[in-house]
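Participant: One structure follows; several queries about it will come next.
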Amino acid sequence: MKNKNLEAIQAWFISYLADLLEIEPAQIDIHKSFDSYGLDSASAITVVGDLEDWLGSSISSEIVYKYPSIEALSQHLAQDNGSTDP
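Those letters in the sequence shown? Residues 278 to 363, by the numbering used here.
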């Protein structure tokens, strides 16, 4: 996995969801669930696939259900990566 810190992962998610939903990045709340943004299981698979490409590592598509917000998933990925420092 490429070395990505918490802030970089959160920034990627904010940018990604803003583009996907065609809204301003400032409208993305990292504490809200992915469901609240209308992401269904098909969308989750797409997001995870793009996230895998960005991270350079394989992850389970079920991860968005175990960590259902940008904040939770970013923290998990940063800890998994050993890069919680900015």
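Where a beta carbon is used, it is the ideal one built from N, C-alpha and C, also for glycine.
(1) Can you give me the C-alpha to C-alpha distance between Glu348 and Leu316, rounded to a whole angstrom?
(2) Count the other C-beta atoms from every protein chain shown that fall within 10 angstroms of the C-beta of Ser318, then say buried if there are 16 or more, exposed otherwise.
(3) In terms of residues, what are the limits of the alpha helix (DSSP H) holding Gln374?
(4) Along the chain, where does the alpha helix (DSSP H) containing Ser320 start, and where does it finish?
(5) Applying the 10 Å Cβ sphere with the 16-neighbour rule, what's the burial state of Lys343?
(6) Check whether the Cβ atoms of Ile307 and Ser351 sit closer than 9 Å, and answer yes or no.
(7) Suppose you measure from the CA of Gly326 to the CA of Glu301; what does that come to, to the nearest Å?
(8) Taking the DSSP output, what are the residues bridged to Ser313?
Facilitator: Working from what's here:
(1) 16 Å
(2) exposed
(3) There is no way to answer for residue 374, as the model of the chain reaches only from 278 to 363.
(4) 318-332
(5) exposed
(6) yes
(7) 23 Å
(8) Its beta-bridge partners do not exist; DSSP assigns none.
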